[in-house]
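For the sequence shown, UniProt numbering gives the first residue as 1, with consecutive numbering after it.
Yeah, the Cβ is synthetic: ideal placement off N, Cα and C, and Gly gets one too.
A short write-up of the structure that comes next.
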Amino acid sequence: RGLKALQIWQTDVTHIPEFGRLKYVHVSIDTFSSAMWATAHTGEKGRDVIAHWKLAFSVLGVPASVKTDNGPAYASEK
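Pasting the structure below:
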């Protein structure tokens with residue numbers, strides 16, 4: 001758990017029932033403030049994670065570190 005805002009974020013992606021072409025929700029949570037950012041995407045690949053983080057960073061700021069489950073999307077070299 002972070003000791004101040006923007007210190008540690010936890011992030012993951014989950015599959016949802018289809019809403020048009022959007023099948024995945026990417027979620028990032030600030031572990032100190034519980035501020036959350038969620039975006040719907042067509043996939044769970046590296047490019048989708050990058051799109052999610054660009055939006056989250058522009059609204060909430062850039063965290064010092066991000067914790068993930070090290071799934072393939074987060075291990076991408078993109």
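What's the gap between the Cα of PHE57 and the Cα of SER65? Answer to the nearest angstrom: the Cα atoms are 12 Å apart.
Nearest residue (CA-CA) to VAL49, options ARG1, SER28 and SER34: When ARG1, SER28 and SER34 are compared, the shortest CA-CA separation from VAL49 is found for SER28.
Please name the residue, chosen from HIS41, SER34 and ALA5, that lies closest to LEU22 on a Cα-to-Cα basis. Among HIS41, SER34 and ALA5, the Cα nearest to that of LEU22 belongs to HIS41.
Where does PRO63 fall in DSSP's three states? The DSSP-derived three-state label of PRO63 is coil.
Own chain residues within Cβ distance below 8 Å of GLN10, not counting five before or after: Taken in chain order, the residues that qualify are SER28, ILE29, THR31, VAL66, LYS67 and THR68.
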